[in-house]
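One line per chain: the protein sequences are W and D, in this order.
Sequential numbering of the first sequence, starting at 1, is according to UniProt numbering.
Sequential numbering of the second sequence, starting at 1, is according to UniProt numbering.
This report refers to the structure that appears directly beneath it.
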Amino acid sequence: MEETKVHEIRVKKETARMEPLETLSRPDAQPTKAHPKPSPAPQQPPLAAAGSKRKRNLPGTPDPEAEVIALSPTTLMATNRFVCEICNKGFQRDQNLQLHRRGHNLPWKLRQRSSKEIRKRVYICPEPSCVHHDPSRALGDLTGIKKHFCRKHGEKKWKCDKCSKRYAVQSDWKAHSKTCGTREYRCDCGTLFSRRDSFITHRAFCDALAEDSARVSAAGKRIGSGSDMSSSDMVVQVIGPAAASTMSVIGGGGAAAAAPSSPHTNNLGAAAVRLQGIPNHALQEYDVPQAPRPLSSSGLLLPMVSSGSTTGSLFAHLFSSAGTSMPGFHATSAASMGMGISGFSDFTTGVNQTERSSATASLSLSSAAGLSSCSSSVYNDGVGNVPSMSMLFNQQQLQHHHTATAQMSATALLQKAAQMGATASNSSSMLRGFGFGGGDSSSMSLWQGQRQEPARVVSQGMGPSLLPVGLGGGGSTRAEDGSDRFTHDFLGVGGANGMAAAAGGMGRTLSQCDLASITSLGPGVDLGAFFTQRENLRSVGASGHSPGKSWDSS
Amino acid sequence: MPGMIREDTPSLSLSSSVSASTQSFSSLSNLPPHHSALSSVNGPTQHLWLQELRSEERGLYLIQLLLSCANAVACNNMEYSNVFLEQLTLLASLTGDPMQRVATYFMEGLAARITKSWPGVYRALNSTQLPSIVDMLSARQVFFSVCPYLKFAFLTVNQAILDAMEGEKVVHLIDLEASDPVQWLALLQALSVRPGGPPHLRITGVSERRAVLEQTGQRLSIEAEKLDIPFQFHPVHAQLENLDIELLRVKTGEAVAISSVMRLHPLLAKDSRFTAHEASGGAIDQVLRTLRCLSPKVMVVVEQESSHNGPTLLERFIEALHYYCAMFDSLDSTLPQQCPERVTLEKHLFGQEIKNIVACEGVERVERHEKLEKWRKRMESAGFQMLVLSQPTVLQAKRLLHCYACDGYRLLEKDGCLTLCWQDTPLYSASAWHA
């Protein structure tokens with residue numbers, strides 16, 4: 001089979017050669033005809049039906065029926081290959097030549113081009129050592145062979161001004177300079193990529209990832225600063241699939257030189273360095289601190305890569321947040337950010353304090369580092385209280401530290417208030433919990449001293465009246481909270497003078513106690529009810545939350 | 001006895017109920033008199049006591065004050081409101097811990113509410129304090145870049161659109177709040193690398209601000225040109241309530257996608273004539289039905305996940321308190337306390353929302369956030385069917401959250417909708433629908 005096929009090819013080619021070839025070059029050039037060697041055609045795409053898209057062969061695998069043309073180097077590089085036979089004017093393209101010929105007013109017969117069927121032409125490279133010198137590896141496009149010849153065997157005359165790359169073909173050079181420097185991706189291992197997909201693929205297998213992630217997980221939490229870029233036109237690229245590594249993005253001026261130089265340093269340290277050293281450049285650090293992710297995620301990466309391009313670009317662009325930058329943000333608060341980081345580290349509730357202190361020590365932020373190192377030293381020593389001055393000092397700092405870490409989040413406060421309110425709701429709705437809430441010894445001690453007096457006073461049994469009883473109206477004593485709305489009582493009991501006094505200089509003083517009394521008033525102000533009602537509204541499935549007093553809206 | 005009380009600790013007499021539980025509290029209340037006995041006029045000694053409060057106690061005290069004040073305001077009780085507000089001003093702080101900050105804005109809202117009962121006074125007071133567009137824009141910028149919420153919204157919308165528009169050659173995207181091109185820039189990027197090549201994209205932006213529309217349009221056109229995507233931007237300068245469907249110029253055969261990022265809840269304000277629940281002919285339903293007539297392939301709705309549209313002030317107050325406490329907590333874990341951008345963000349974005357929720361009523365109150373359940377019902381009654389958010393969407397959201405080192409953000413996936421929470425408080429929810 002093979003033989004016959006080859007034979008056919010040869011035949012076809014030979015018949016093709018019978019007809020005189022048109023010389024496409026200037027008369028002085030010597031086109032040589034190559035004898036096409038019979039060769040089995042490598043996989044060819046099937047001949048497409050007429051009218052569909054023009055079939056393209058794989059590069060370097062020419063159509064066996066095509067005509068092979070070999071041009072000399074000069075011919076190849078010649079610019080005006082189409083020459084008008086009448087006036088000998090040269091043109092780069094055949095179409096231009098035809099247009100020109102029209103202008104000569106040729107008689108009809110001569111005007112038509114010789115009506116041969118168009119035969120596909122393939123060209124071989126004149127350089128003998130080149131792969132494409134072989135007709136079986138000829139290239140199908142004249143422009144293509146010219147470019148190839150220039151690229152491979154030509155002199156590189158065009159140079160990119162941003163980087164040092166040189167090009168022989170002007171179009172290559174143009175294309176490169178468009179993208180040079182516009183998009184850069186840098187892996188942590190220091191490799192630079194201009195293409196997103198290669199970057200992503202690289203990162204999937206980059207060894208540095210594994211190392212870094214291990215270090216990162218040890219370093220504990222970090223602040224993710226989602227700041228946007230400076231106004232340079234570099235597009236910030238971020239994490240495709242979030243493997244556990246930090247990705248530092250190069251800002252406009254490449255001042256983040258510190259970053260690539262130490263890809264394996266502690267991320268937090270690096271982050272701080274960058275923050276400090278580069279206040280005016282946007283930085284984005286994204287980090288995944290969770291420990292068990294690194295290796296598994298890289299396994300995940302591959303399937304994600306395919307979707308990564310679309311999804312990643314979504315990410316990327318959102319993070320690049322085109323629009324006004326906030327250089328001021330960085331400039332003014334770079335310091336505070338730095339402080340903030342370390343300060344934040346101090347206040348992180350109980351996570352990896354030791355690592356954190358070592359991390360912060362690497363930040364040259366003295367106060368915070370001092371504080372944390374002190375605290376860590378105390379921690380390390382256990383709570384054993386060596387009665388030395390320094391230890392006492394540390395203890396105090398620890399104390400301060402401790403109270404600082406005890407700063408509750410607002411949501412936690414609300415929950416606590418709700419709990420206290422709920423427990424109080426069963427009793428006479430007094431927010432006794434508040435007293436308890438402050439119930440650490442340190443705070444209560446302040447109040448303990450005062451306790452004797454209220455006992456006496458309370459026994460007087462002043463009810464939850466609204467007015468300063470001491471001033472005037474005896475105030476109706478109520479054993480319990482009245483169900484009166486205080487609006488009624490307000491003007492009722494005690495009269496105006498009481499209120500006047502209240503509104504006057506006593507205003508502040510009264511208010512605390514007013515608060516006490518008021519909050520005890522009526523079902524409407526029942527804090528516990530406030531929260532339980534909300535709970536009821538919120539989720540039916542709340543586990544075992546007994547509704548407190550029902551609360552009707554005011 | 002009374003005499004002694006009078007000169008020394010007059011407030012003692014107000015220690016209310018007899019139960020033992022009150023003692024501790026009254027002892028608390030004893031404290032100021034102890035200090036302020038020197039000067040019954042209040043002042044620095046008061047501060048001293050208050051400053052001695054630890055943050056936790058202060059926070060609890062703040063909550064208590066806020067609630068009591070809200071109650072007082074709801075009862076139109078000026079005097080007590082005043083008293084509570086005075087206390088609040090001492091404790092609240094713009095640059096303190098989250099509870100203090102939240103308290104500041106709620107306190108301001110309550111005061112505004114009271115002042116609004118004299119509209120002339122209110123307007124005169126605020127005549128020099130118009131919130132500038134610049135501030136709002138910068139606040140939004142900060143919000144976008146620092147917090148994941150907007151990014152979550154945009155990512156989810158974009159991914160849902162991408163999923164629904166797979167294989168479509170012509171995509172018509174209607175943005176109900178076309179104020180920020182960032183979202184669509186990302187979508188353009190994603191579309192340009194789509195396997196089948198980018199579709200012919202038309203974006204119709206609806207907004208009430210012409211200038212914004214123009215800018216957005218220009219920005220998007222430039223980007224589309226760079227990416228070589230056939231693109232048209234069509235600005236529609238109209239109010240959403242009176243949206244004329246013809247203005248949108250949807251052509252037959254186009255695949256329509258609608259994006260609404262926190263743009264539906266203001267429509268509820270027009271329903272204030274009716275009770276919020278039963279309004280069937282209200283503006284929101286009309287708009288939804290209109291949109292349904294376009295037969296969109298996907299409509300993504302992202303809204304704040306909280307119930308700030310209750311009929312009573314207290315109900316709204318408490319819900320809002322929980323919501324914004326969580327929000328401010330999340331800010332606290334991302335930005336340092338003294339950061340001015342944080343203050344800007346809190347003030348111009350959240351402060352305004354809080355003020356609106358607390359102080360305004362009727363058509364003025366536009367921040368009528370509602371929970372996903374309610375939105376679901378509305379969408380369903382308008383004829384939409386839910387589209388389950390795909391796995392890539394969920395993954396994207398998860399990846400986004402991983403970028404943020406603080407782990408307070410949680411993603412809840414329920415019934416095909418995604419909810420972004422801070423700790424356990426849901427903050428934003430996203431759902432997708434189709435006609």
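Don't be surprised by glycine CBs; every beta carbon is placed ideally from N, CA and C.
Residue-level contact to chain D via CB, residue i, 8 angstroms cutoff
i      : result
S171/W : no
T411/W : yes
R485/W : The predicted model places R485/W with a pLDDT of 41, which falls under 50 and marks its position as unreliable; any figure quoted below should be read in that light. Yes, R485/W counts as interfacial toward chain D.
Alpha-carbon to alpha-carbon, residue j and residue i
i             : j      : result
M379/D        : A175/W : 50 angstroms
D97/D         : L240/D : 38 angstroms
A224/D        : A92/D  : 48 angstroms
T419/D        : Q129/D : 35 angstroms
L227/D        : P311/D : 49 angstroms
L321/D        : C69/D  : 13 angstroms
A430/D        : E208/D : 24 angstroms
residue 449/D : I222/D : No answer is possible for residue 449/D: the residues shown for chain D start at 1 and end at 435.
V157/D        : V121/D : 43 angstroms
S416/W        : N82/D  : Note on identity: in this sequence residue 416/W is Lys, with Ser being the wrong assignment. Their Cα atoms are separated by approximately 26 angstroms.
L243/D        : V287/D : 7 angstroms
F193/W        : K162/W : 15 angstroms
L411/D        : M78/D  : 43 angstroms
L177/D        : G205/D : Going by the sequence as given, residue 177/D is Glu instead of Leu. The straight-line gap from Cα to Cα measures roughly 7 angstroms.
A138/W        : P128/W : 13 angstroms
L389/D        : D415/D : 9 angstroms
K89/W         : A255/D : 54 angstroms
I200/W        : G197/D : 21 angstroms
residue 440/D : Y105/D : Absent from the structure is residue 440/D, since the part of chain D shown begins at 1 and ends at 435.
T115/D        : I258/D : 40 angstroms
Below-8 angstroms beta-carbon distance, residue i vs any chain W residue
i      : result
S127/D : no
E322/D : Rather than Glu, the amino acid found at residue 322/D in this sequence is His. Cβ-Cβ to chain W under 8 angstroms: yes for H322/D.
W433/D : no
L38/D  : Summary for L38/D: the model assigns pLDDT 32, below 50, so the residue's position carries little reliability; its value from the coordinates is reported in the next sentence. With 8 angstroms as the cut-off, L38/D does not count as an interface residue toward chain W.
D285/D : no
I203/D : no
D329/D : yes
A276/D : With a pLDDT of 48 at A276/D, under the threshold of 50, the modelled position of that residue is not reliable, and the figure given next carries that caveat. Output row for A276/D: interface = no.
Partner residues on chain W for residue i, Cβ-Cβ distance less than 7 angstroms
i      : result
T425/D : T411
A326/D : T411
I63/D  : L413, L414 and A417
Proximal chain D residues relative to residue i, where beta-carbon distance stays under 7 angstroms
i      : result
K178/W : Simply none; closest approach about 11 angstroms.
K416/W : L60
Q407/W : S55 and D97
Under 9 angstroms by beta carbon: chain W residues contacting residue i
i      : result
G262/D : The question names Gly, but residue 262/D in the sequence shown is Met. Going along chain W, no residue has its Cβ under 9 angstroms from M262/D, so there is no contact; the nearest lies around 16 angstroms.
First through last residue of the alpha helix (DSSP H) which encompasses residue i
i      : result
M386/D : Run containing M386/D: none in the alpha helix (DSSP H); it sits in the beta strand (DSSP E), Q385 to L387.
P73/W  : P73 to M77
R194/D : That residue, R194/D, is in no alpha helix (DSSP H); it is neither H nor E in DSSP.
Q98/W  : D94 to R102
The beta strand (DSSP E) enclosing residue i, as first and last residue numbers
i      : result
R121/W : R121 to I124
E261/D : The sequence shown places Val at residue 261/D, rather than the Glu named in the question. Segment A255 to V261, the beta strand (DSSP E) holding V261/D.
W422/D : C417 to W422
Q232/D : F231 to H237
Q337/D : Counting along the chain, Q337/D falls outside any beta strand (DSSP E), and DSSP gives it neither H nor E.
**Item:** Members of the region 96 to 123 of chain D that neighbour chain W once the beta carbon cut-off is set at 7 angstroms
**Value:** Listed by position along the chain: D97, P98, M99 and V102.
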